[in-house]
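Peer 1: In this note's numbering, the protein residues as written are 849 to 1242.
No residue lacks a Cβ here, since even glycine has one placed at the ideal position from N, Cα and C.
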Amino acid sequence: MFSSSHPLGIPAFRRLFLSRLLTNLSLGFTEVPLLWWVLERTGSPAAPAQLALVASLGLVLAAPLGGLLADRGSKRQQILLSQGADVLLQLLLVLAVLRALPLPGVYLLVGLSALVTGLRLPALAALQPLLVPREAYQQANAAVSLGIAFSVMASFALAGAATGFLGVAGALLLGAALLVLGLLPALGLPDPRAGGREAGKREGGVREGLGTLLGDRPLAFLVLAAFLINLVLAPVGPLMAPLAQVLGAGPEGYGLLGGSLFLGQLGGMVYLNLRPVAPRVFPLAALALGLGVGGLGLVESLPWALASLGLAGGAAAFLNVLALTLLQGRVEPGRLGRVSGLAQALTLGAQPLGLALASPLLARLDLGEVFLLAGGLVGLLALGWLWVWKEVHP
């Protein structure tokens, strides 16, 4: 079905891809029903935000430990055990809703679910490059990113309908079933150990992973770039509603703005999946992202805003895939789990920070000035790439 030159033609990678596709399809079946349940139960719009904060903190805290465990032990076993624990926690959430468990207990279960997810993600990141040849890294990253984007998009749409039709507990139960389905392809994954089975045990701990990350200037720059991109893009979604209002586009325009950003991301991932690009595209993609986000501060009509967001989405897809591919190419496989875990923790931490900064910025600047500032900061990434370019391609 797939050509041998594409990563999906490799059976082991195909199992990993299918497992991640099904697992990410379950995301909406946790988030949508739970946030709706918490909102209905408390009547406070702050309660869903608190629940989301608990989940994001769990991911950030667990990722470095997940990376260390991935380097020192069995990546396959870590993936299976953490996902199995996630199934159990999802079932406990069903019981919590049916028994009307007090909110602190629900927050605890959500936090534990985020923790086991944080343990799983670095193992997935460390296993993937061991399943494909080095020259296929970029296409493998693009294929996984594309599959996850589609599954998450479908997940939230289906979860909303399931919550309305089956209720909160029924939607959560469907999420648990999808997690189980995601486990099935993972059972057939190989269990390669980078450098042999004792290699990870001879390596240092998380501190050595941090030293690897900070001691390599291109890698340190990439993490800084990813942090800045997440910092800038985090408030872009919530700011689409006021942007639509300023443009006089109404709720229909608001929906189109969000869709345009997502379509741009999909377009970028489809292109990278079909045709690899050279790392020298990175500064051009950074410049395009800066222009797309900054352009929102200058647009006066909905079509131009849609074009700016489409450009920003496509550029962000290029930057994410290129950064991940370079990370995989520059880090020894035996340390990739720790470095990936630390990078994930640092970049994920930018999202709540970006959301927190949106309100004080809007208190001092108008909406257009916020977009211009964000676009200018991202545009600086192009200059930063010139600083590390010779070390990437001496």
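1) Cα-Cα, which of 1130, 959 and 1077 is closest to residue 900?
2) Can you find at least 3 beta carbon pairs, one from the stretch 1018-1034 and one from the stretch 864-873, that sit closer than 8 Å?
3) Determine the direct distance from the alpha carbon of residue 855 to that of residue 1187, and round the result to whole angstroms.
4) In the DSSP assignment, the alpha helix (DSSP H) including residue 1151 goes from what residue to what residue?
5) Could you give the uninterrupted runs of the beta strand (DSSP E) lying entirely in the stretch 858-942, keeping only those of 3 residues or more?
6) Please determine, among 1164, 858 and 1157, the residue with the shortest C-alpha to C-alpha distance to residue 1091.
7) Once the 5 residues before and after residue 861 are set aside, which same chain residues still bring their CB inside 7 Å of it?
8) Go ahead and label residue 853 buried or exposed: buried means 16 or more other beta carbons lie within 10 angstroms of its beta carbon, across all protein chains shown.
9) Helix, strand or coil for residue 853 per DSSP?
10) Would you report the Cα separation of residue 1235 and residue 1062, rounded to the nearest angstrom?
11) If we require 4 or more residues per run, which alpha helix (DSSP H) segments fall completely within the stretch 1083-1128?
12) Can you tell me which of 1029, 1149 and 1121 puts its alpha carbon nearest to the alpha carbon of residue 1094?
13) Of all the options 971, 1079, 1113 and 1064, which has the alpha carbon lying nearest to the alpha carbon of residue 998?
14) Whole angstroms are fine: how far does the CA of residue 1146 sit from the CA of residue 1214?
15) Specify, as a first and last residue, the run of the alpha helix (DSSP H) that residue 1035 falls within.
16) Going by C-alpha distance, which of 910, 857 and 961 is nearest residue 874?
17) If you check the beta carbons only, do residue 1160 and residue 1196 fall under 7 Å apart?
18) Report yes if the CB atom of residue 935 is closer than 7 Å to the CB atom of residue 1027, and no otherwise.
Peer 2: This is what the structure gives:
1) 959
2) yes
3) 23 Å
4) 1150-1178
5) none
6) Among 1164, 858 and 1157, the Cα nearest to that of residue 1091 is on 1157.
7) Its chain contains 855, 979, 980 and 988 as the residues whose beta carbon lies nearer than 7 Å to that of residue 861, once the 5 sequence neighbours on both sides are disregarded; these appear in chain order.
8) exposed
9) coil
10) 15 Å
11) 1088-1094 and 1098-1122
12) 1149
13) 1113
14) 12 Å
15) Looking at the DSSP string, residue 1035 is not in any alpha helix (DSSP H), and its letter there is neither H nor E.
16) 961
17) Cβ atoms of residue 1160 and residue 1196: not closer than 7 Å.
18) yes
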